[in-house]
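Novice: Listed in order, the protein sequences are those of chains A and B.
One rule links them: number in this note's numbering = place in the first sequence (from 1) + 510.
One rule links them: number in this note's numbering = place in the second sequence (from 1) + 27.
Quick reminder that beta carbons are idealized off the backbone N, C-alpha and C, glycines included.
Take a look at this one; I'll ask things after.
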Amino acid sequence: MSRLAARFEELAKTGRKALIPFVTAGDPHPDFTVPLMHAMVKAGVDVIELGVPFSDPMADGPVIQRASERALAHKMSLRRTLEIATEFRKTDQETPVVLMGYLNPIEAMGYENFANAAQRADIDGVLTVDLPPEEGIECGALLKARGVDPIFLLAPNSTDERVEKMDAAGSGYIYYVSLKGVTGAGHLNIADVENKLQQIKAITKLPIAIGFGVKDAQTAKTIATIGDGVVIGSALISKIEANLDNLEQAGNNIIELLVSIRQALDS
Amino acid sequence: MTEKYNMPDERGHFGPYGGIFVAETLIPPIQELNAAYQHYLTDPEFIAELDADLKYYVGRPSPLYHAERWSRELGGAQIYLKREDLNHTGSHKINNTVGQALLAKRMGKTRIIAETGAGQHGVATATIAARLGLECVVYMGAVDVARQSLNVYRMKLLGATVVAVESGSKTLKDALNEALRDWVTNVDNTFYIIGTVAGPHPYPAMVRDFQAIIGREAKEQCFEATGRLPDALVACVGGGSNAIGLFYPFLEDKSVKMYGVEAAGDGVETGRHSAPLCAGRPGVLHGNRTYLMADDDGEIIETHSISAGLDYPGVGPEHAWLKDTGRATYVNITDTEALEGFYALTRMEGIIPALESSHAMAYTMKLAPTMRKDETIIINLSGRGDKDMQTMAKREGIEL
Numbered sequence: 511m512s513r514l515a516a517r518f519e520e521l522a523k524t525g526r527k528a529l530i531p532f533v534t535a536g537d538p539h540p541d542f543t544v545p546l547m548h549a550m551v552k553a554g555v556d557v558i559e560l561g562v563p564f565s566d567p568m569a570d571g572p573v574i575q576r577a578s579e580r581a582l583a584h585k586m587s588l589r590r591t592l593e594i595a596t597e598f599r600k601t602d603q604e605t606p607v608v609l610m611g612y613l614n615p616i617e618a619m620g621y622e623n624f625a626n627a628a629q630r631a632d633i634d635g636v637l638t639v640d641l642p643p644e645e646g647i648e649c650g651a652l653l654k655a656r657g658v659d660p661i662f663l664l665a666p667n668s669t670d671e672r673v674e675k676m677d678a679a680g681s682g683y684i685y686y687v688s689l690k691g692v693t694g695a696g697h698l699n700i701a702d703v704e705n706k707l708q709q710i711k712a713i714t715k716l717p718i719a720i721g722f723g724v725k726d727a728q729t730a731k732t733i734a735t736i737g738d739g740v741v742i743g744s745a746l747i748s749k750i751e752a753n754l755d756n757l758e759q760a761g762n763n764i765i766e767l768l769v770s771i772r773q774a775l776d777s
Numbered sequence: 028m029t030e031k032y033n034m035p036d037e038r039g040h041f042g043p044y045g046g047i048f049v050a051e052t053l054i055p056p057i058q059e060l061n062a063a064y065q066h067y068l069t070d071p072e073f074i075a076e077l078d079a080d081l082k083y084y085v086g087r088p089s090p091l092y093h094a095e096r097w098s099r100e101l102g103g104a105q106i107y108l109k110r111e112d113l114n115h116t117g118s119h120k121i122n123n124t125v126g127q128a129l130l131a132k133r134m135g136k137t138r139i140i141a142e143t144g145a146g147q148h149g150v151a152t153a154t155i156a157a158r159l160g161l162e163c164v165v166y167m168g169a170v171d172v173a174r175q176s177l178n179v180y181r182m183k184l185l186g187a188t189v190v191a192v193e194s195g196s197k198t199l200k201d202a203l204n205e206a207l208r209d210w211v212t213n214v215d216n217t218f219y220i221i222g223t224v225a226g227p228h229p230y231p232a233m234v235r236d237f238q239a240i241i242g243r244e245a246k247e248q249c250f251e252a253t254g255r256l257p258d259a260l261v262a263c264v265g266g267g268s269n270a271i272g273l274f275y276p277f278l279e280d281k282s283v284k285m286y287g288v289e290a291a292g293d294g295v296e297t298g299r300h301s302a303p304l305c306a307g308r309p310g311v312l313h314g315n316r317t318y319l320m321a322d323d324d325g326e327i328i329e330t331h332s333i334s335a336g337l338d339y340p341g342v343g344p345e346h347a348w349l350k351d352t353g354r355a356t357y358v359n360i361t362d363t364e365a366l367e368g369f370y371a372l373t374r375m376e377g378i379i380p381a382l383e384s385s386h387a388m389a390y391t392m393k394l395a396p397t398m399r400k401d402e403t404i405i406i407n408l409s410g411r412g413d414k415d416m417q418t419m420a421k422r423e424g425i426e427l
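Spelled out as structure tokens, the structure:
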């Protein structure tokens, strides 16, 4: 069983919801990320989504765009993101790590080279925002053969047919994009998410993590009760952006927010 | 002699290129668009309305003009200009925006968005939106807003909202990113009019089909003027919509050579250029697989060109396919050479070309002398140079 499947099974058994932080690898500096990942695990996160910086992050709002720009200014790349994951894995063999990014860096590396590198770095899942399952057959098969879960998105306007497609093509979990918009947008509607999740859950048994637009502990709790986990990204990265001259403070503020969400989820 | 050409396949692939590479929220609107497009493509009423608009609103057919003096001066092939610069709004872009806007109207969309580089597509979109009474938002890189301020003003006059995009390199690719972000947020009421033969399927095929009127007319006009097919076609290539519009109806005519002219900026060898077909590599950006300007890590690199309309790191996937199959040849022209083309046409024929089209003029200055006097070249004069007056005056040290 994959590390992701095991983690979600264990959470389900204890009736807990997954807390999944998203941070961009190398933001604001390559040295910042590994210690932050360990600190987030201590704060009680269950899975880490590690953003691969990309020059043209079309599905992201301004906060994550700027995180990419800061990381790229330090020559971050897919290759160096894999190095960060490898470094993290040296002292944490438990926490699943999912790479989230765009297709072109993977195309540049080559699908097979990437799948091999992901396996070597002990990556658990890969979510490629601009790679729908129809175009992702080759890459998905290479990843699956190496025990890496290909993770797909579903959206508020996804039809039953799309849900079935993701159920067949994906593993690990499904990332439900809670609103029509970009990451960090401000118009999340809980009732809409609830209705949609009923439709999705009727079709797939895969765990559903919900993200986009989750900003605070209260929303996280409400969202998490609807699905199996909650992803929080822009709200964390905002803490980095607000403290670029004091990264210790940035780290502390991220952990503080995660701890408050963990408490809300478990209460 | 002819071989049937029927690209793309039903999922939008031109060989390994094209396809649909978008985030999941955009899949439903793309499916909806594709269904509508496939339906109206053969709908007699839609076609009649489009044809009438192209005739009475755009001013088609555009003339095929024999540039006799310039041909004599260059001493080789006879040069004919397909005068897309004479269209309403001053470029070929309106052929496509009229088509897509009629589609938007039939699909019940009330809001139009577009990206623009030089501003020609933005103006063409704002124009048709004004005529149809649709809300219009145009995304334009902040760098382009500064260098094409005349077109920004035109768009505003026409009632469009122009958003200056400050992210990334602040040029056309960033405008496209921002338009995609808008679309994903407003999918229910918004139609995204992409201006070039890029983006996810069906855009590359749809924009080509709307632009192919250029080549269909040119073919007929060439027969009228010379009694036979042309020997060569020349067009500038940024995203590649004017080039594909001219090339497409000739693809099965194997005797017709095709030259797509990319922007070499400071020179391809300097790395400061916008020539992905000549010096890029295959990859995925903005919804399709094509040749891109990217580094070894797959990050998109900044492009350089004197012409905002060619300043784009990708190119339509069909051009990638035509390059690989050898059906078309892709060459490049530097900023300096493009300026020579600009002045040559202006002074020899009294026609001021857009800086984009000037790249095609400059390549023709190299090509024509290598051909016989009884041979024919058709150049797509894709736009007029009015929008570039400020750029040119500034280069000459003149304050307007």
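1. Name the residues in the segment 540-574 of chain A whose C-beta lies less than 9 Å from a C-beta of chain B; which are they?
2. Given that Arg-208 of chain B touches chain A, what residues does it touch there, using C-beta distances under 7 Å?
3. Residues in its own chain within less than 6 Å of Thr-29 of chain B by CB, not counting five upstream and five downstream?
4. Hey, could you find the ends of the alpha helix (DSSP H) Gln-105 of chain B is sitting in?
5. Contact defined as beta carbons within less than 8 Å: I believe Phe-24 of chain B pairs with Gly-336 of chain B. What is the distance between those atoms, to the nearest angstrom?
6. Let's test the definition: count the other Cβ atoms within 10 Å of the Cβ of Arg-174 of chain B and tell me whether it reaches 16, buried, or not, exposed.
7. Leaving out the 5 sequence neighbours to the left and right, which residues in its chain are closer than 6 Å to Ala-202 of chain B when beta-carbon positions are compared?
8. Please go through the same chain and pick out, in chain order, the residues whose beta-carbon is closer than 8 Å to the beta-carbon of Tyr-32 of chain B, but skip the five residues on each side of it.
9. Applying a beta-carbon distance threshold of less than 8 Å, which residues of chain B neighbour Thr-669 of chain A?
10. Note down, one range per segment and in chain order, each beta strand (DSSP E) of at least 3 residues found wholly within the segment 556-611 of chain A.
11. Since Asp-640 of chain A meets chain B, which of its residues come closer than 8 Å, beta carbon to beta carbon?
12. Please report how far the alpha carbon of Lys-527 of chain A lies from the alpha carbon of Gly-554 of chain A, in whole angstroms.
13. Does DSSP put Glu-162 of chain B in a helix, a strand or coil?
14. Below 6 Å CB to CB, which residues in the same chain sit around Ala-151 of chain B once its five sequence neighbours on both sides are set aside?
15. With 7 Å set as the bound, which would you pick, yes or no: does the beta-carbon of Leu-663 of chain A sit closer than that to a beta-carbon of chain B?
16. Run through DSSP, which three-state label would Pro-531 of chain A get?
17. Tell me the residue span of the alpha helix (DSSP H) that contains Glu-423 of chain B.
18. With 7 Å as the threshold, decide whether the Cβ of Asn-614 of chain A is near any Cβ in chain B.
19. Kindly give me the distance between the Cβ atoms of His-386 of chain B and Ile-360 of chain B, rounded to whole angstroms, as I take these residues to be in contact under 8 Å.
20. Do the segment 349-364 of chain B and the segment 221-232 of chain B make contact, defined as three or more Cβ pairs closer than 8 Å?
21. Taking the DSSP output, what are the residues bridged to Val-741 of chain A?
22. How many Å lie between Met-419 of chain B and Asp-413 of chain B at the Cα?
23. Contact between the segment 60-69 of chain B and the segment 83-94 of chain B is defined here as three or more beta-carbon pairs at a separation below 8 Å; is this criterion met?
24. Does the beta carbon of Ser-587 of chain A come closer than 7 Å to any beta carbon on chain B?
25. In chain B, which residues lie with their C-beta within 9 Å of the C-beta of Arg-672 of chain A?
26. Looking at C-alpha atoms only, which residue of B:Lys-200, B:Gly-195 and B:Ala-157 is the closest neighbour of Arg-181 of chain B?
27. Tell me, please, whether the CB atom of Thr-212 of chain B is closer than 7 Å to any CB atom in chain A?
28. Throw me the rounded Cβ distance for the Met-398 of chain B and Asp-258 of chain B pair, which I believe falls under 8 Å.
29. Could you tell me the alpha carbon to alpha carbon distance between Glu-383 of chain B and Gly-266 of chain B, rounded to whole angstroms?
30. Are the beta-carbon atoms of Ser-565 of chain A and Glu-329 of chain B separated by less than 7 Å?
31. Pairs of beta-carbons, one from the segment 532-548 of chain A and one from the segment 579-595 of chain A, closer than 8 Å: are there three or more?
32. Please tell me whether Ala-618 of chain A has its Cβ less than 7 Å away from any Cβ of chain B.
33. Can you find a CB in chain B that lies within less than 7 Å of the CB of Glu-520 of chain A?
34. Which of the three DSSP states, helix, strand or coil, is assigned to Tyr-683 of chain A?
35. Does the CB of Glu-645 of chain A have a neighbour CB from chain B at under 7 Å?
36. From what residue to what residue does the alpha helix (DSSP H) around Glu-704 of chain A run?
Specialist: This is what the structure gives:
1. Cβ contacts with chain B: Pro-563, Phe-564, Ser-565, Asp-566, Pro-567, Met-568, Ala-569, Asp-570, Gly-571 and Pro-572.
2. Simply Met-568 and Val-692.
3. Unreliable placement is indicated for Thr-29 of chain B, whose pLDDT of 48 sits below 50; no coordinate value is reported for it.
4. Premise fails: Gln-105 of chain B lies in the beta strand (DSSP E), 105-110, not in any alpha helix (DSSP H).
5. Shown here, chain B extends from 28 to 427; a query on residue 24 of chain B therefore has no answer.
6. Arg-174 of chain B should be labelled buried.
7. For Ala-202 of chain B, where only same-chain residues beyond five positions count, the Cβ hits under 6 Å are Glu-142, Tyr-166, Met-167, Gly-168 and Val-192.
8. Answer for Tyr-32 of chain B: Leu-278 and Glu-279, listed in chain order.
9. Pro-55, listed in chain order.
10. Assignment of beta strand (DSSP E) within the segment 556-611 of chain A, counting only whole runs of 3 or more residues, yields 558-561 and 607-611 in chain order.
11. Correct list: Phe-48, Val-49, Ala-50, Val-311 and Gly-314.
12. Straight-line spacing of the CA atoms in Lys-527 of chain A and Gly-554 of chain A works out to 11 Å.
13. In this structure, Glu-162 of chain B counts as strand in the three-state DSSP scheme.
14. The residues are Thr-116, Lys-120, Ile-121 and Thr-124.
15. Judged by the 7 Å Cβ criterion, Leu-663 of chain A is in contact with chain B.
16. In this structure, Pro-531 of chain A counts as strand in the three-state DSSP scheme.
17. Note, Glu-423 of chain B: premise wrong, no alpha helix (DSSP H); not H, not E.
18. Yes, contact with chain B.
19. Contact between His-386 of chain B and Ile-360 of chain B holds: CB atoms are separated by about 4 Å, below the 8 Å threshold.
20. Per the Cβ contact rule, the segment 349-364 of chain B is not in contact with the segment 221-232 of chain B (fewer than 3 Cβ pairs under 8 Å).
21. Per DSSP, A:Ile-530.
22. Taken atom to atom, the span from the alpha-carbon of Met-419 of chain B to that of Asp-413 of chain B is near 10 Å.
23. Pairwise C-beta distances place the segment 60-69 of chain B out of contact with the segment 83-94 of chain B, as fewer than three of them are shorter than 8 Å.
24. At least one chain B Cβ lies under 7 Å of Ser-587 of chain A.
25. Those within 9 Å of Arg-672 of chain A in chain B are Glu-51, Ile-54 and Pro-55.
26. Nearest C-alpha to Arg-181 of chain B among B:Lys-200, B:Gly-195 and B:Ala-157: B:Ala-157.
27. Cβ-Cβ to chain A under 7 Å: yes for Thr-212 of chain B.
28. About 7 Å separates the two Cβ atoms, so the contact holds.
29. Computed Cα separation, rounded: 11 Å.
30. No, the pair does not count as a contact, with Cβ atoms beyond the cut-off.
31. Taking a contact to require three or more Cβ pairs closer than 8 Å, the segment 532-548 of chain A and the segment 579-595 of chain A qualify as touching.
32. True, the Cβ-Cβ gap to chain B drops below 7 Å.
33. So, not an interface residue.
34. The answer is coil: DSSP assigns Tyr-683 of chain A none of H, G, I, E or B.
35. The beta carbon of Glu-645 of chain A sits closer than 7 Å to some beta carbon of chain B.
36. Glu-704 of chain A: member of the alpha helix (DSSP H) spanning 700-711, first to last residue.
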